[in-house]
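The block underneath contains the structure these notes are about, expressed in structure tokens.
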Amino acid sequence: MTYQRVLLLGLISALLCGARADGQLVTNGDFETGDLTGWTIEDLGPSVIANGTFGIVSFGNFFYRAGADDLGVVSQSIDVSANATAIDAGQMVGNLTGALGSWENTDITTVTATFLDINDIDLGSTISISALDNPELNTGPVLGLTAPGNQESANGLIPVNTRTVVIRISTPRIGGVDNDGYVDDIQFELTAIPEPTSLSIMALLGTGFMFRRRKRIL
Ligand SMILES: [Ca+2]
Ligand SMILES: [Ca+2]
Ligand SMILES: [Ca+2]
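Taking my numbering, the leading residue of the sequence shown gets 23, the next gets one more, and so forth.
Written out as structure tokens, the structure reads:
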């Protein structure tokens, strides 16, 4: 292993050790209020349904249902201005996760994070998860929510100048009468990855110095 490789691995390690997660930011992403508290209905149809008749393991008492017409959409806005410094330094990463289900693999839910600046101008990039490529969602009493592979996750860099993150759940009805988008445990988390501190750089340089000394002795 070269000295440069030791230094590079050390720097990556220091960056990961310095990463700071801000906790998940979605309100009522598990729908355990029993209603759409925290969410704004953009296209009528969505509701929250009781888990009791379905008996879906691990999804609490309630989960989201897209409705019974051609489109169901809800969203919520998250103020991230407290993280402006790290965001504008290009050092903030977002992680979007959720459990997405369907019925007969037709009505496919997409959950998307979009990013707005201080004037609510959309900055273009998105982070999204979808049930589209999920082979396990299908028929059955669990609506595809608990089958392996239905936990979706995606990461992305938060665009510079972001002040608001909009989380949007959208399901078009493709087949049948019901709009079978089923959702639970939507979470969005910010993680700041700081630049290495001067102390960690000194420690790494020290590691490299020791490595070179040992090489000479050998
Ligand atoms: Ca739930
Ligand atoms: Ca609708
Ligand atoms: Ca359907």
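Where a beta carbon is used, it is the ideal one built from N, C-alpha and C, also for glycine.
Please read all numbers here as calculations on a predicted model, not as lab measurements.
Local Cβ density within 10 Å of residue i, reported as buried at 16 or more and exposed below that
{"i": "residue 104", "result": "exposed"}
{"i": "residue 123", "result": "buried"}
{"i": "residue 212", "result": "buried"}
{"i": "residue 80", "result": "exposed"}
{"i": "residue 66", "result": "exposed"}
{"i": "residue 177", "result": "exposed"}
{"i": "residue 174", "result": "buried"}
{"i": "residue 75", "result": "exposed"}
{"i": "residue 192", "result": "buried"}
{"i": "residue 180", "result": "buried"}
{"i": "residue 167", "result": "buried"}
{"i": "residue 143", "result": "exposed"}
{"i": "residue 23", "result": "Since pLDDT at residue 23 reaches only 46, below the 50 mark, its modelled position is unreliable, and the value read off the structure follows with that caveat. So residue 23 counts as exposed."}
{"i": "residue 78", "result": "buried"}
{"i": "residue 141", "result": "exposed"}
{"i": "residue 154", "result": "exposed"}
Short Cβ contact (8 Å threshold) for residue i with residue j
{"i": "residue 94", "j": "residue 52", "result": "no"}
{"i": "residue 198", "j": "residue 128", "result": "yes"}
{"i": "residue 71", "j": "residue 87", "result": "yes"}
{"i": "residue 134", "j": "residue 148", "result": "yes"}
{"i": "residue 58", "j": "residue 96", "result": "yes"}
{"i": "residue 89", "j": "residue 69", "result": "yes"}
{"i": "residue 50", "j": "residue 61", "result": "yes"}
Paired residues, beta bridge with residue i - DSSP
{"i": "residue 135", "result": "149, 189"}
{"i": "residue 176", "result": "118"}
{"i": "residue 64", "result": "Answer by DSSP bridge pairing: none, since residue 64 is not bridged."}
{"i": "residue 113", "result": "DSSP, once it has assigned bridges, lists no residue as partnering residue 113."}
{"i": "residue 108", "result": "Answer is none; residue 108 lacks a bridge partner."}
{"i": "residue 144", "result": "138"}
{"i": "residue 89", "result": "201"}
{"i": "residue 52", "result": "Its beta-bridge partners do not exist; DSSP assigns none."}
Any non-hydrogen atom of ligand 5 within 7 Å of residue i CB
{"i": "residue 66", "result": "Questions concerning ligand 5 fall outside what the structure shown contains, since the ligands it does hold are ligand 1, ligand 2 and ligand 3."}
- Using 8 Å as the threshold, is the segment 92-102 in touch with the segment 173-192, meaning 3 or more CB pairs across them? Because the criterion of three Cβ pairs below 8 Å is met, the segment 92-102 and the segment 173-192 touch.
- Message: Please enumerate, following chain order, all residues with a beta carbon closer than 6 Å to at least one heavy atom belonging to ligand 1.
- Response: Spelled out in chain order, the answer is 52, 53, 54, 81, 82, 84, 85, 206.
- Message: Give the residues whose C-beta lies closer than 5 Å to at least one heavy atom of ligand 3, in chain order.
- Response: Listed by chain position, these are 129, 197, 198, 200, 202.
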